[in-house]
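Residue numbers (this note's numbering): 32 to 1148.
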């Protein structure tokens, strides 16, 4: 039934969108700079076309190629300063200068570098497989004679005519020529581009709209002149020359690569941008090489240590050169036992300067423990173990989709504990891509007991029961039957036809009849079951039609001129079929903020049915149509406070003369051939949409993912700022801001948009538009300054066109300064490239860790540009996951990922360089003071070990025979003290013990003694000076055991005293928790709440802030 009507005209449904295209000021630029593209349609092999050398449609998103892998990967490895040092040492180890064998240096170095390069190769191979899959997709291309054959995407050329069928992706940027609809209309899903799930309507030019058969393209020729490749998704300027006639092209005819054809059987289009010239690829960014801040700070630490190493080697070499030169004095040998008269160049007194230089190189290698490669190996091992912990965390496992968390790289684990700002996509990340009709206000009475995520979160905080769980009589509501997508309305007064018993059932009837008629949805009726489903341009529109169906007003058929319903008749109580003649549809737009239909009912009355935002609807009510205005406004405020999206419903009756006059004016406005056509249509609609009679208001929930409000609230309390970057319209973005408590009632909004008066007056003048944005930013800054005295929270909301100017070099600092001082930031209508540019701006200018989270291909640039990219493995494909550093299934898992795993990873990695989340944001655990403290502790411990061992054993008999110690015994004793002190200090710094800690700490000490036994028992050729040292000398001597024990205790006492004082009097946040647990106060909820409040950051967003603001407003007189 639906498929029959799809072949017929849709002009009645899309009154405003469709019409005759017109040339405007921008089209005059065609042929000039930036508008020089020339496309020969259906003739890509002609001489003129081939001479233009346009990009092929092959796309590569990998970081490396076969030729560039080794140079690029090696460059990445040697960005680590320590690796350069180890490379020098590895080269020198093959010379006589080396104090140790080459294998001991080269092998671990090659293993570390090789494993890291292998990891990079594996990650890039995943990107390569994705490229192969995309480039080898098939599309039907015209090869002459009216025949369309399948061709791989990568072989598509500019000018090719392609045929794309329902639910297929567009292989390149196309100009729509025709479709399965008679007027060349088609529906496009752009989720991969802007994250929006609602369908976009596109329309071909009238000159080509009748080409709806393959054979029509046998002799088709045309020339397209248009703008050059650029990243702007929402604008396009061009012209089509066919039969010596020029026709203007606009975004209405542009079909972008990676968007999908929906609700349309097929379309024909011509490729104008291919491969890397397409807008979606222009919006992408190259895969970056990310390094954590701790790793970059480690480089600075290595510089410091290397400077100390060079200084020690230099000073030592000077003294060595002086001593070597003095070995021969007046022909006499001062150190005759070294035979300086018969030695190599390394000790030749006659060439002391050269010997000093060679000694300097040897010392550089000998002191390499200053920059131990074992530390890097240990860090890599720890990071791999941390990724295993993340991957196996059952608390981040999404059972419904069988999707665990996946850490796709181990380089950034510790960054999770230092996140300062989160940049989040909206659709599919914060929301579930669905709307639910949940409440309504009809005739001044509120209906619906459904509970939103915001209400659920606030009730959990207050400890109060949910409204849905309690009825007026105190009983519980039982909901039977399977859940219905888009419908979460629970109220026994309305369901099962009970609305007929309500006092104002006549108003309720008009209310739901309006919902069933005032829309542009298309019904789909299953032939077997008779069940009706709907394909709508937006999910909220689908929710309204579904709600009307479930409450007795089933929309089941649409034709060119009528809409048919199955209605519940108030008199008979049975379903009856009624048909309404469709006269006009005045579509919703962001400037109008409302939608209307004009119908003729079965009694012959002409009715205008209107739904829209309360800001524009209440002012259009008639004096006799405001009966329920006050009650409805109260209900709308309550709905908005719980994060619901509201629309006001009203109607009026028209007489024949008024309608005929309006219809003539509308037809005249539609036929205007100028840039003011849309304005003329809106002006006509404005005159008829007045004197309305109020029916009530709807409340739908842009369904948030489970746990989103709680997660945002916890992240805000941890001091993390959250920005939302979405491709949605401004109204939608603001509504979801309220839903997830980033916005709240009473929060002042700074709105920077292209609907400002300056934009409208000078829409064609870029400089005027830019100055308007600058003016709005300055006004926002002044407002911010004024509100700083009152500590009032502000929210910044900016649209995509304004963001383009705000990100320019001369304005971006001012924009960022305004944004970072606002409690919430929402960027709407943002292109993928703008998302990436915002991420880059915040990362570079703020200098703190930025995390981006998204689920679609339009988020890839943002994920790659941020310090950490988190991909949601949701319903929008795997592009975001493939480009992410970490993948999770739900936004709520971000709380555990950052506040648990991030905190642990940061503390553990920081502790390897011998609190809660704010310790990470402030980088307390890896500050220079902490590094210097550990360095001082190391110097103190080394000094104690050296001088205690030397002074104790220098003159004291060590063996039974009275022999004093030699170099080999002294070395074994000192190193035993080092092993004991290091492991015991590690034991003192650990917060809690598990069997793993016991195994590695005490096991390391035991392993050292076993090593002395085993190594000393080897052949002297292998063990050299260590042969039988432990068995014959150290172990039998009581002084060895007494000395090592004394040195260990003496060295640990200062560290123990420092730790005890710090723990008792200056504890960090995590140490406070340890004290609470140790003192048994963890069971005292009041004490724990008091400590918790002291550690939390005061918040201005989240449901906690919303609850506190509401409480303050109630307490104020």
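Every residue gets a Cβ at the ideal spot worked out from N, C-alpha and C, and that includes glycine.
Practice task
For residue 1012, collect the residues of the same chain with a Cβ closer than 6 angstroms to its Cβ; drop the 5 residues on either side in sequence, then sort them by chain order.
Solution key: 972, 1079, 1082
Handout entry: Between the CA atoms of residue 895 and residue 157 - distance to the nearest angstrom
Key = 15 angstroms
Exercise for the section: Could you tell me whether the Cβ atoms of residue 827 and residue 847 are closer together than 8 angstroms? Expected result: no
Handout entry: Start-end ranges of the alpha helix (DSSP H) lying completely within the region 391-465, minimum 4 residues
Key = Annotation note: the region 391-465 contains the following uninterrupted alpha helix (DSSP H) runs of length 4 or greater, listed N- to C-terminal: 404-422.
Exercise for the section: With DSSP as the reference, label residue 604 as helix, strand or coil. Expected result: coil
Practice task
Output the distance between the C-alpha atoms of residue 330 and residue 112, rounded to the nearest integer angstrom.
Solution key: 6 angstroms
Exercise for the section: Rank 269, 200, 294, 1030 by C-alpha distance to the C-alpha of residue 283 and give the top, closest one. Expected result: 269
Exercise for the section: Quick one: measure Cβ to Cβ for residue 300 and residue 195, integer angstroms, because I've assumed they're closer than 8 angstroms. Expected result: With a Cβ gap of about 7 angstroms, residue 300 and residue 195 count as contacting.
Practice task
Answer with buried or exposed for residue 181, where buried requires no fewer than 16 other C-beta atoms within 10 angstroms of its C-beta.
Solution key: exposed
Practice task
Under 8 angstroms by Cβ, that's how I've got residue 541 and residue 670 pegged, so tell me the actual separation to the nearest angstrom.
Solution key: Actually they do not touch by this definition, with Cβ atoms about 20 angstroms apart.
Handout entry: Limits of the unbroken beta strand (DSSP E) element including residue 131
Key = For residue 131, there is no enclosing beta strand (DSSP E), since its DSSP letter is neither H nor E.
Problem - Backbone CA spacing between residue 1061 and residue 337 [nearest angstrom] - result: So the alpha carbons of these two residues sit roughly 34 angstroms apart.
Exercise for the section: My understanding is that residue 693 touches residue 724, with C-beta atoms under 8 angstroms, so please give their C-beta distance in whole angstroms. Expected result: About 18 angstroms; that fails the 8 angstroms criterion.
Problem - Cβ shell of residue 1015 (< 7 angstroms), same chain only, five flanking positions each side left out - result: 1079, 1083
Problem - Contact under 8 angstroms by Cβ, residue 928 with residue 427 - result: With contacts defined as CB atoms closer than 8 angstroms, residue 928 and residue 427 qualify as a contacting pair.
Problem - Between the CA atoms of residue 1063 and residue 1009 - distance to the nearest angstrom - result: Residue 1009 and residue 1063: Cα-Cα distance of roughly 21 angstroms.
Practice task
Pull up the distance between the alpha-carbon of residue 1076 and that of residue 1091, whole angstroms please.
Solution key: 21 angstroms
Problem - Stretch-stretch touch, CB-based, cutoff 8 angstroms, three pairs: the region 189-208 with the region 292-312 - result: yes
Handout entry: Own chain partners of residue 389 with C-beta closer than 8 angstroms, once the 5 adjacent residues on each side are dropped
Key = So the qualifying residues of the chain are 128, 376, 377.
Problem - Inter-residue CB distance, residue 273 and residue 238 (contact presumed, cutoff 8 angstroms) - result: 6 angstroms
Handout entry: DSSP three-state assignment for residue 148, whether helix, strand or coil
Key = Residue 148 falls in the helix class under three-state DSSP.
Exercise for the section: Could you tell me the distance, in whole angstroms, from the CA atom of residue 340 to the CA atom of residue 397? Expected result: 10 angstroms
Exercise for the section: Within its chain, find whatever has a CB closer than 7 angstroms to the CB of residue 1044; leave out the 5 residues flanking it on each side and keep chain order. Expected result: Excluding residues up to 5 positions away in sequence, 1061, 1062 lie with their Cβ nearer than 7 angstroms to the Cβ of residue 1044 in the same chain.
Problem - Spatially closest choice to residue 675 from 771, 216, 84, 319, by CA coordinates - result: 771
Handout entry: Cβ neighbour criterion (16 or more within 10 Å) applied to residue 160
Key = exposed
Handout entry: Distance, residue 887 Cα to residue 177 Cα
Key = 37 angstroms
Exercise for the section: Give me the Cα-Cα distance between residue 678 and residue 1024, rounded to the nearest whole angstrom. Expected result: 58 angstroms
Problem - Identity of the residue in 603, 760, 183, 838 nearest residue 876 by Cα - result: 838
Problem - Segment limits, beta strand (DSSP E) that includes residue 751 - result: Segment: none, residue 751 is in no beta strand (DSSP E) and carries neither H nor E.
Problem - Bridge partners - residue 169, DSSP secondary structure assignment - result: 183
Handout entry: Simplified DSSP state of residue 108, which is helix, strand or coil
Key = helix
Practice task
Please report the Cβ distance between residue 898 and residue 321, rounded to the nearest whole angstrom; I am assuming they are in contact, meaning their Cβ atoms lie under 8 angstroms.
Solution key: 7 angstroms
Practice task
Return the CA-CA distance between residue 851 and residue 812, expressed in angstroms with no decimal places.
Solution key: 11 angstroms
Exercise for the section: Determine contact between the region 461-481 and the region 729-738, defined as no fewer than three beta-carbon pairs at a distance below 8 angstroms. Expected result: yes
Practice task
Pick helix, strand or coil for residue 989, following the three-state DSSP scheme.
Solution key: coil
Exercise for the section: Within 10 angstroms of the Cβ of residue 810, are there 16 or more other Cβ atoms? Answer buried if so, exposed if not. Expected result: exposed
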